[in-house]
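Colleague: Numbered as in the numbering used here, the sequence shown ends at 917 without a single skipped number.
In this text, a Cβ means the ideal position worked out from N, Cα and C, and glycines have one as well.
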Amino acid sequence: MNVVIVESPAKAKTINGYLGSDYEVLASFGHVRDLPAKDGSVDPEQDFAMQWEVDDKAAKRLSEIVRAVKGSDKVILATDPDREGEAISWHVLEVLRARKVLKDKKVERVVFNAITKSAVRDAMLHPRDLDQPLVDAYLARRALDYLVGFNLSPVLWRKLPGSRSAGRVQSVALRLVCAREREIEEFRAREYWSVVAHLRTAAGVAFEARLVGADGRKITRLDIGTGSEAQDFRAALEAARYTVASVEAKPVKRHPFPPFRTSTLQQDASRKLGLSPARTMQIAQKLYEGVTIRGETTGLITYMRTDGVDMAPEAIAGTRRVIGDNYGERYLPQVPRKYTVKAKNAQEAHEAIRPTDLSRLPRDMAAYLDAEQLKLYELVWKRTVASQMESAELERTTVDIAAEVGGRKLDLRASGQVVRFDGFLTLYGVDDDDEDQDGKLPAMAAGETLGRERIAADQHFTEPPPRYAEEGLIKRMEELGIGRPSTYAATLAVLRDREYVRLEKKKLIPEDKGRLVTAFLESFFERWVDYDFTAGLEESLDRVSNDEIDWRQVLRDFWRDFSAAIGDTKELRTTEVLDNLNEVLAPLVFPPKADGSDPRACPVCADGRLSLKLGKFGSFVGCSNYPECKFTRTLSADPNATTLGDGDKPGQRLLGTDLESGLEVTLRDGRFGPYLQLGEGEKPKRSSLPKGMKPADVDLETALTLLSLPRPVAKHPATGEPILAGIGRYGPYVQHGKTYANLDGEDDVLTIGANRAIDLIVAKEEGRGGRRGGAAPSGTVLGEHPDGGSVTLREGRFGPYVNAGKVNATLPKGSDPAALTLDDALRLIAAKAEQNGLSPGKKKVATKAPAKKAAAKPVAADGATEGVAEKGAAKKTASKTATSKKAPAKKAPAKAAAAAKAAAPARAKKSA
Numbered sequence: 006m007n008v009v010i011v012e013s014p015a016k017a018k019t020i021n022g023y024l025g026s027d028y029e030v031l032a033s034f035g036h037v038r039d040l041p042a043k044d045g046s047v048d049p050e051q052d053f054a055m056q057w058e059v060d061d062k063a064a065k066r067l068s069e070i071v072r073a074v075k076g077s078d079k080v081i082l083a084t085d086p087d088r089e090g091e092a093i094s095w096h097v098l099e100v101l102r103a104r105k106v107l108k109d110k111k112v113e114r115v116v117f118n119a120i121t122k123s124a125v126r127d128a129m130l131h132p133r134d135l136d137q138p139l140v141d142a143y144l145a146r147r148a149l150d151y152l153v154g155f156n157l158s159p160v161l162w163r164k165l166p167g168s169r170s171a172g173r174v175q176s177v178a179l180r181l182v183c184a185r186e187r188e189i190e191e192f193r194a195r196e197y198w199s200v201v202a203h204l205r206t207a208a209g210v211a212f213e214a215r216l217v218g219a220d221g222r223k224i225t226r227l228d229i230g231t232g233s234e235a236q237d238f239r240a241a242l243e244a245a246r247y248t249v250a251s252v253e254a255k256p257v258k259r260h261p262f263p264p265f266r267t268s269t270l271q272q273d274a275s276r277k278l279g280l281s282p283a284r285t286m287q288i289a290q291k292l293y294e295g296v297t298i299r300g301e302t303t304g305l306i307t308y309m310r311t312d313g314v315d316m317a318p319e320a321i322a323g324t325r326r327v328i329g330d331n332y333g334e335r336y337l338p339q340v341p342r343k344y345t346v347k348a349k350n351a352q353e354a355h356e357a358i359r360p361t362d363l364s365r366l367p368r369d370m371a372a373y374l375d376a377e378q379l380k381l382y383e384l385v386w387k388r389t390v391a392s393q394m395e396s397a398e399l400e401r402t403t404v405d406i407a408a409e410v411g412g413r414k415l416d417l418r419a420s421g422q423v424v425r426f427d428g429f430l431t432l433y434g435v436d437d438d439d440e441d442q443d444g445k446l447p448a449m450a451a452g453e454t455l456g457r458e459r460i461a462a463d464q465h466f467t468e469p470p471p472r473y474a475e476e477g478l479i480k481r482m483e484e485l486g487i488g489r490p491s492t493y494a495a496t497l498a499v500l501r502d503r504e505y506v507r508l509e510k511k512k513l514i515p516e517d518k519g520r521l522v523t524a525f526l527e528s529f530f531e532r533w534v535d536y537d538f539t540a541g542l543e544e545s546l547d548r549v550s551n552d553e554i555d556w557r558q559v560l561r562d563f564w565r566d567f568s569a570a571i572g573d574t575k576e577l578r579t580t581e582v583l584d585n586l587n588e589v590l591a592p593l594v595f596p597p598k599a600d601g602s603d604p605r606a607c608p609v610c611a612d613g614r615l616s617l618k619l620g621k622f623g624s625f626v627g628c629s630n631y632p633e634c635k636f637t638r639t640l641s642a643d644p645n646a647t648t649l650g651d652g653d654k655p656g657q658r659l660l661g662t663d664l665e666s667g668l669e670v671t672l673r674d675g676r677f678g679p680y681l682q683l684g685e686g687e688k689p690k691r692s693s694l695p696k697g698m699k700p701a702d703v704d705l706e707t708a709l710t711l712l713s714l715p716r717p718v719a720k721h722p723a724t725g726e727p728i729l730a731g732i733g734r735y736g737p738y739v740q741h742g743k744t745y746a747n748l749d750g751e752d753d754v755l756t757i758g759a760n761r762a763i764d765l766i767v768a769k770e771e772g773r774g775g776r777r778g779g780a781a782p783s784g785t786v787l788g789e790h791p792d793g794g795s796v797t798l799r800e801g802r803f804g805p806y807v808n809a810g811k812v813n814a815t816l817p818k819g820s821d822p823a824a825l826t827l828d829d830a831l832r833l834i835a836a837k838a839e840q841n842g843l844s845p846g847k848k849k850v851a852t853k854a855p856a857k858k859a860a861a862k863p864v865a866a867d868g869a870t871e872g873v874a875e876k877g878a879a880k881k882t883a884s885k886t887a888t889s890k891k892a893p894a895k896k897a898p899a900k901a902a903a904a905a906k907a908a909a910p911a912r913a914k915k916s917a
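Quick look at the structure:
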């Protein structure tokens, strides 16, 4: 038996069907180990020894893999064909070595770029060894990310309260977003005018020509800066005589783009389909892993994390056949096209993203794909086919026109183009390509006299650069060589999760805390967020993967200077930090006032100066005369307001006063997000905001309504007791006694009516059941336990609890049973089982006091971790080998004793 290890269960199921009964295909479910989130996981003093920990969720999967490998003849590592895939194979192999199950078994590494029967079977015939340079590049990257995160983040927490953390690549991406915002704030619009003549040929066909010169002087787009100048030109052109000076028509070609790589797929899917990069990758993953077509699961596209733009020879041949069959020989180049890309940090999966079989036309796949999958498949299919088609042939025409009036000569120009042969554009339509198209011009000849219809002089203003959309930021990061294209979507997600940026109308806008972090890093860690430095580090990692340099040397060179920079911040005084931030963030914090007065002058006291301050809830603006002057405001409050920030405090905004109680209502920034508070004191009334409600949209009326929750909305038809609506830890709910029912996305906790509330409660009660005749309650089934059996939510004497087999775990006090998920229940059950020495469905195991914990061994210089304790494995081994003092024996029932006696020979035989 051969054991094949892949990442995902969907991939395992498909490949198992391809290989037959001699193979057992198991999934690792992604990475199985990671660096623990604590100090010392990477130790620079021990030449960057790395301590790995088995993920809790992966422990069970690893046990299954270990069990299978014990009885196998060969282990085949078949994870994805990139650096991450190589790393996953390495981690699995290290665990198998640590468990000592490999012995003399043969270990092979195979890669395939597509999940098709032919690709998988061919890969099995061409195995290789694990690519250690690729693994080393992964180790270096993980160590770098850890060293930056675990050393730079504490500096942020000390110097900038309210900041979350700083990542190596995320910080540079955030800097790009903040730099663009600063450009927008510092931008000053410039007035300019365009002068356009609407003319007609001798045959009476109308067209437009733009003023490009006057009296021998060239006029560019911004040269006409005033209305009076524009009107002078307009008056002259209205009295001028027009003659065609020259007509130049020249052929040009539009060449197709190369097939997709990761970043270009994300950009095109965003621009044409409106998909976010993260969503694009989710859909692409499904297309790669495969869909069921006529009873067989088949991958529809090749691996989607790649920087390559080349295609395999058989794929090129298949593409050319499709072009010839569907579009004709005229659209087929004589020689196949070859593409190359010079990426600064190219991935290791070399082939482009393409359909696995080009003969699967998008229209034929419509029956097997949902709407989003079909659109993305069609996008990939068109790009792939277009890449091997003939170029489009265009004719670009430029007409120069002379306008003469009173001895003056004014120059105008008209341009346009005509498609002579559409080539690859036939797939898209001429108007759907990637460049703007000029209009078609009428036929004209030199010396022809033209007629004038009207002259237009229009005012314009220059516009600031646009904010980055997600695809635009990805494109810019790729241009600079920052990060890896396969991780761009995750990088953007981290910035949003940390609330450093927000996505508004598909544009990335930096939050105040994101701008503070960037300003701090630019002031005191400039080199580490420098674009060229970050790109250079990526190039070093690529050299590691090419086996050109030692990965530990890269870490040594980095750590030497980085640790010194971290040490220098210990001497930073708060005033020094604030002075730098005041200067860098001046456009945001102290923009010019409308009346021209000093933007840093305190609006309350006479001689105070405004400055950034650091408080418990983050950063704010305050007066230098504190405590005599207690004026404060938020960072981006309107500086032109007459009562600037009146009533506001750091981390909170005053909404008004509750007339009934006379207490102030404030919106505050809390550890778990924004919330409302009524008054002060030891236990003030508070309410979180419903999901989807933006803090900026909350007014006093809305706040008072939320603070009034829970509110009665109906009476129970059976008991007559009130049904309440409120917001809890797990979101909005309705409640009757101890019965809770979550509200779905269509229900609003502020407006839900009586009938809907009663329906939800009654449905929940009917689904739960109850005790009958002393029998155990049936409970609400939440799902299946990984070890077998159901996980149920039950109502007990001391409150709600979850059950699996013989393990009962009470819900934490204040928890909402209606919001409990299967994952929540499994965590509670696992904790209870560990506490009591139980497993679901198993009896309690008596254990001896644990032996003194041995110090963890560092990773060996060659990257091996044999001897390093695996968290999951250690626990399991300890529980199996531990013994206990014998408890006083109880007489076993006769049947049990007989069964034990009968089982003893069988156990002895199995042991032997």
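With a CB to CB cut of under 7 Å and the five nearest residues on each side skipped, what residues in its chain are close to ALA524?
Modeller: LEU586, VAL589, LEU590, listed in sequence order.
Colleague: Where ARG284 and LEU384 are concerned, what is the direct C-alpha to C-alpha distance, given to the nearest angstrom?
Modeller: Each residue's alpha carbon lies about 15 Å from the other.
Colleague: With distances taken between CB atoms, is the gap from VAL499 to GLN137 smaller than 8 Å?
Modeller: Not in contact: VAL499 and GLN137 (Cβ atoms no closer than 8 Å).
Colleague: In the stretch 812–841, which residue ranges form an unbroken beta strand (DSSP E) of at least 3 residues, counting only runs that do not cross its ends?
Modeller: DSSP runs (the beta strand (DSSP E)) wholly in the stretch 812–841: 812–815.
Colleague: Nearest to GLU543 by CA position, among VAL112, ASP362, ALA145, TYR151, is which residue?
Modeller: Measuring from the Cα of GLU543, the nearest candidate turns out to be ALA145.
Colleague: Note down the Cα distance separating LEU668 from LEU660, rounded to an integer number of angstroms.
Modeller: C-alpha separation (whole angstroms): 11 Å.
Colleague: Relative to the C-alpha of ASP312, which candidate in ASP127, TYR197, GLU665, VAL346 has its C-alpha closest?
Modeller: Answer by Cα proximity: VAL346.
Colleague: Quick one: what does DSSP say TRP57 is sitting in, helix, strand or coil?
Modeller: Three-state DSSP puts TRP57 in coil, outside helix and strand.
Colleague: Which of the three DSSP states, helix, strand or coil, is assigned to HIS465?
Modeller: HIS465: strand per DSSP, three-state reduction.
Colleague: Can you check whether the CB of PHE192 is closer than 8 Å to the CB of LEU216?
Modeller: Cβ atoms of LEU216 and PHE192: not closer than 8 Å.
Colleague: Less than 8 Å separating the beta-carbons of LEU521 and SER168?
Modeller: It is a contact, given that the beta carbons lie within the stated cut-off.
Colleague: Using the three-state DSSP reduction, which class does ALA42 fall into: helix, strand or coil?
Modeller: Coil, per DSSP.
Colleague: What span of residues does the beta strand (DSSP E) with ILE120 cover, start to end?
Modeller: Run containing ILE120: none; DSSP gives neither H nor E here.
Colleague: Taking only runs of the alpha helix (DSSP H) that begin and end inside the stretch 295–373, which ones reach a length of at least 4 residues, in chain order?
Modeller: Qualifying alpha helix (DSSP H) stretches, in chain order: 318–332, 367–370.
Colleague: What residue does the alpha helix (DSSP H) around PRO138 start on, and which one ends it?
Modeller: Taken as a continuous stretch (DSSP letters only), the alpha helix (DSSP H) holding PRO138 covers 137–164.
Colleague: Is the number of C-beta pairs between the stretch 375–382 and the stretch 285–299 that are closer than 8 Å three or more?
Modeller: As far as the Cβ criterion goes, the stretch 375–382 touches the stretch 285–299, which means the pair count is three or higher.
Colleague: Am I right that TYR536 and ILE479 are in contact with their C-beta atoms under 8 Å? What's the rounded C-beta distance?
Modeller: That pair is no contact at about 15 Å.
Colleague: With distances taken from CA atoms, which of PHE563, LYS618, LEU683, ILE554 is nearest THR579?
Modeller: For the residues PHE563, LYS618, LEU683, ILE554, the minimum Cα distance to THR579 belongs to LYS618.
Colleague: Skipping 5 residues on each side, what residues in its chain have a beta carbon closer than 7 Å to that of SER26?
Modeller: Answer for SER26: no residue qualifies.
Colleague: Tell me the rounded alpha-carbon separation between LEU705 and LEU683.
Modeller: Going from the Cα of LEU705 to the Cα of LEU683 covers about 11 Å.
Colleague: Where VAL314 and ALA357 are concerned, what is the direct C-alpha to C-alpha distance, given to the nearest angstrom?
Modeller: VAL314 and ALA357: Cα-Cα distance of roughly 4 Å.
Colleague: Is any heavy atom of the ligand MG found at a distance shorter than 7 Å from the C-beta of GLU726?
Modeller: What this structure holds is no ligand at all, so the ligand MG is not there to describe.
Colleague: Using the C-alpha atoms, what's the distance from TYR806 back to VAL140?
Modeller: Their Cα atoms are separated by approximately 45 Å.
Colleague: Of the residues THR574, ALA762, LEU101, ARG368, which one's Cα is nearest the Cα of SER158?
Modeller: For SER158, the nearest C-alpha among the options comes from THR574.
Colleague: Rank ASP85, SER46, LEU399, PHE53 by C-alpha distance to the C-alpha of ARG565 and give the top, closest one.
Modeller: Checking every option, the nearest Cα to that of ARG565 belongs to PHE53.
Colleague: Is the CB-CB distance between ALA494 and PRO282 below 8 Å?
Modeller: Yes, the Cβ-Cβ distance between ALA494 and PRO282 is below 8 Å.
Colleague: Would you say VAL257 and ARG418 are within 8 Å of each other, going by their C-beta atoms?
Modeller: Not closer than 8 Å, so no.
Colleague: What residue from SER33, GLY601, ARG457 has the CA that sits closest to VAL71's CA?
Modeller: Of the listed residues, the one whose Cα sits closest to VAL71 is SER33.
Colleague: Who does ILE81 pair with in a DSSP beta bridge?
Modeller: Its beta-bridge partners are VAL9, GLU113.
Colleague: Buried or exposed: which applies to MET6, given that a residue is buried once 16 or more other Cβ atoms fall within 10 Å of its Cβ?
Modeller: So MET6 counts as exposed.
Colleague: Nearest to GLU398 by CA position, among LYS387, VAL424, GLY412, is which residue?
Modeller: Nearest of LYS387, VAL424, GLY412 to GLU398, Cα basis: VAL424.
Colleague: CYS634 by DSSP, collapsed to three states: which one?
Modeller: It is coil, neither helix nor strand.
Colleague: Can you check the stretch 166–194 for any alpha helix (DSSP H) of at least 4 residues that lies completely inside it and give the ranges in chain order?
Modeller: Correct list: 173–191.
Colleague: Roughly how many angstroms lie between the CA atoms of GLY774 and ILE757, to the nearest whole one?
Modeller: Its pLDDT being 37, under 50, GLY774 is placed unreliably in this model, and the value from its coordinates should be taken loosely. Taking the straight line from one Cα to the other gives about 25 Å.
Colleague: For GLN393, which three-state DSSP category applies?
Modeller: Reduced to three states, the DSSP call for GLN393 is coil.
Colleague: Give me, in chain order, the residues of the same chain whose beta-carbon lies closer than 6 Å to that of ALA208; leave out the 5 immediate sequence neighbours on both sides.
Modeller: Result list for ALA208: empty, nothing under 6 Å.
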